[in-house]
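What follows is a set of notes on a single structure, which appears directly below.
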């Protein structure tokens, strides 16, 4: 069976949601994430948690756009952790949003959160 399975993706989304609800969020590349937040029109300082909760609640295995098996990160903070990428339309933005993250323990590491630009972004 090719990874990730439906069950594995559901588990990752639930773990991500639990970490975000607890506000255990780490920004991997803050400058890029802030620029993307400005483009989307939300405050990363005041609204990130709410945006992520909405996005994760709207996501399911069908919205997974990552590699099979998941690629591993080369970023220093999350080196060798698996990357989970989802593309989903959420009511707040009325457009397709791309989100890529990693999980380690009970922490959610946000890698990307921006308007869908193309496949694999």
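In my numbering, the protein residues as written are 7 to 127.
A virtual CB, placed ideally from N, CA and C, is assigned to each residue, including glycine.
The model shown is predicted, which means the values in this text are computed figures rather than measured ones.
Using a 10 Å radius around the Cβ and a threshold of 16 neighbouring Cβ atoms, would you call residue 8 buried or exposed? exposed
Measure the alpha-carbon distance for residue 58 versus residue 73 and round it to whole angstroms. 21 Å
Can you tell me which of 31, 16, 10 and 27 puts its alpha carbon nearest to the alpha carbon of residue 113? 31
Using a Cβ cut-off of 8 Å (strictly closer), state whether residue 17 contacts chain C. Looking for chain C here will not work: only one protein chain is present.
Going by the CB atoms, is the gap between residue 122 and residue 104 shorter than 8 Å? yes
Of all the options 38, 87, 51 and 35, which has the alpha carbon lying nearest to the alpha carbon of residue 18? 87
For a test of the three-state rule: what should DSSP assign to residue 95, helix, strand or coil? strand
Would you decide whether residue 108 is buried or exposed? Buried here means 16 or more other CB atoms lie within 10 Å of its CB. buried
Name the residue from 48, 46, 66 and 33 whose alpha carbon lies nearest to the alpha carbon of residue 21. 66
Residue 23: which of 63, 42 and 101 sits nearest, CA to CA? 63
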